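Every number in our numbering is 7 more than the matching position in the sequence shown, counting from 1.
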Amino acid sequence: MRTIELDIAVIGGGLAGCSTILHLAEDERQLRMGLFIKSPYPTTNSYQAQGGIAASLAFPDSPAVHLHDTLIAGAGMCDVETVKMVTEEAPAAVHQLRQWGVPFDERSGRLILAREGGHSHNRVARVKDRTGRSIMDVLWKRVTSLQEVVIYEGWMVIDLHWEVGGIRGFLATDGNEVFQVITPQVVLATGGMGQIFTHTSNPEEATGDGLAICWRAGFPLLDLPFMQFHPTCTINPSDHKVHLLTEALRGAGAILVDRSGERIMKGVHPDMELAPRDIVARRIFHFLQQGKEVFLDTRPIPREELMEVFGGFRAVCSELGLNPETDLIPVFPAAHYSCGGIITDLYGRVGVKGLYAIGECARTGLHGANRLASNSLLEALVFSHRVAADIRQKADARKNGWNPDLRLRSDRIPQERLHKVREDLGRKMESVAGVIKNDRGMKDLLYWISRQKTDLFGKGITTQREALELRNLLDVSVAYLEQCLKQPQSIGTFFRDAVRA
């Protein structure tokens with residue numbers, strides 16, 4: 008087995024991973040860094056993010072008010088210390104992006120701030136409705152210009168190796184052979200696990216890789232039951248691709264209506280369409296269960312704003328053959344963001360020296376039972392700075408390798424079989440563990456997953472990317488279902504049906 012030696016390995020090329028690399032590049036020691044990404048840029052959730060970054064950037068808003076809104080959205084399940092730290096450091100994080108060259112929307116030299124669901128003030132800094140894309144284009148250009156960074160494109164991490172003294176590294180594959188990556192510092196920035204469901208706003212790459220490898224290594228996960236479903240997604244019937252329709256549309260005046268044009272949020276919540284996402288998602292789901300359709304009506308948005316700000320949305324409508332100035336847009340809730348993940352402290356540390364988690368794969372305590380809109384990119388930025396600072400302070404010398412315990416299958420698993428199991432998993436998860444959870448169904452699904460894992464990987468694993476992703480999806484689904492069954496009450500994004508098995 009060939010080896011790769013690095014001072015630092017960052018796994019994941021979204022906002023969390025790239026901003027960590029940029030902060031680490033400020034170290035005068037010119038640390039040798041490796042960035043491991045499964046797919047060519049730009050296939051990440053960060054790139055697809057539309058809304059923006061929340062921060063108290065204008066009077067009368069303040070970090071204290073931002074904290075209050077975050078705690079309300081989190082349904083009492085947030086870590087207050089984390090929320091206080093993130094909301095206080097939020098303005099500096101946005102300022103850092105501006106220094107790096109992100110072209111936020113401005114008017115007369117001042118940021119144009121939008122409002123989204125759950126926010127009491129306009130505090131979302133954005134770049135039209137393509138904020139993530141604009142941020143990532145700037146950061147990716149900077150990362151790829153760094154001489155001290157080696158980018159391992161098309162690689163997948165298989166499993167971590169650690170000892171009591173700290174992290175030793177991990178096994179990874181380029182799709183052909185397995186490599187031993189020896190490094191004393193590993194930063195997991197692998198994103199979410201939306202692909203455990205059939206319908207998700209996440210890209211195909213969001214297979215819960217970081218969560219799965221930590222779970223197999225024995226590191227605890229927390230708050231997995233709090234999976235946020237974005238209320239306003241739509242689907243292209245020709246290719247079944249899910250498109251997220253940014254919440255900023257509702258902040259700009261769009262409303263949710265039924266076929267007759269009646270507002271479905273009337274009398275449900277005082278903020279109506281801008282109620283917390285879990286409330287809006289369940290309301291839409293309730294209509295869909297009754298065989299009724301729900302639509303986003305964007306006609307109340309001033310035409311000038313619709314044309315100037317929401318170019319991405321108009322492109323989706325064009326693809327669907329709809330005119331947002333005259334037509335209603337059909338919507339439904341889809342899996343969007345995992346509020347839980349790998350347990351970390353305020354510096355992203357996971358529990359063994361040299362191992363960090365950041366971004367959506369981490370459970371920092373910021374989101375509680377329901378993420379406040381546009382707090383996710385913020386979390387990645389604030390923690391990337393803290394993780395990098397901790398690594399610079401405590402960077403270790405490289406350690407020796409180890410004797411890996413790895414069983415590889417001698418044959419390749421047929422692609423059709425992998426595709427079938429992944430498709431069945433997503434459909435079953437959505438049915439019994441989606442917007443509404445069903446205990447009996449989740450218990451049956453755990454048994455089904457156990458059978459699939461034995462059949463597919465009982466003889467060992469392969470270097471096939473599709474097989475490794477399915478292994479991670481199955482493992483993360485087990486962790487998710489087990490925690491859902493133990494979750495005592497419906498709260499925030501977690502909602503159980505009336506029957507408990």
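Even glycine gets a Cβ: it sits at the ideal position worked out from N, Cα and C.
Since the structure is predicted, the reported quantities are computational estimates derived from the model, not experimental observations.
- In this structure, the alpha-carbon of I79 lies about 12 Å from that of A71.
- Beta-bridge annotation (DSSP): D403 is not paired with any residue.
- Relative to F501, the option among G81, P110, V93, S484 whose CA is nearest is G81.
- Secondary structure at H206: coil, using DSSP grouped into helix, strand and coil.
- Following the DSSP letters along the chain, one finds V101 inside the alpha helix (DSSP H) bounded by residues 87–107.
- Counted as a single uninterrupted DSSP element, the alpha helix (DSSP H) harbouring W455 occupies residues 446–464.
- R399 and Y363 have their alpha carbons spaced roughly 13 Å apart.
- At a Cβ-Cβ threshold of 9 Å, I468 and L432 do not count as neighbours.
- Measuring C-alpha to C-alpha distances from V394 to each of T10, C25, I11 identifies C25 as the nearest.
- Contact between the segment 150–164 and the segment 80–99 is absent, with fewer than three C-beta pairs closer than 8 Å.
- In the DSSP assignment, E437 falls within the unbroken alpha helix (DSSP H) covering 422–440.
- Nearest to G198 by alpha-carbon distance, out of Q37, T50, L38, F302, is T50.
- Taken atom to atom, the span from the alpha-carbon of P277 to that of L146 is near 39 Å.
- According to DSSP, residue pairing for F502 in a beta bridge does not occur.
- Excluding five sequence positions before and after H128, the CB atoms of its chain that fall closer than 6 Å to its own CB belong to D68, given in chain order.
- Shown here, F186 sits in a strand according to DSSP, grouped into three states.
- Classified as exposed, V171 has fewer than 16 neighbouring CB atoms from the shown chains inside 10 Å of its CB.
- Around the C-beta of E280, 16 or more other C-beta atoms lie within 10 Å, and the residue is accordingly described as buried.
- In this model, F339 and M8 are separated by some 48 Å (Cα to Cα).
- Using a Cβ-Cβ distance cut-off of 8 Å, the segment 375–387 and the segment 117–135 are in contact, since at least three pairs of beta carbons, one from each stretch, lie closer than that value.
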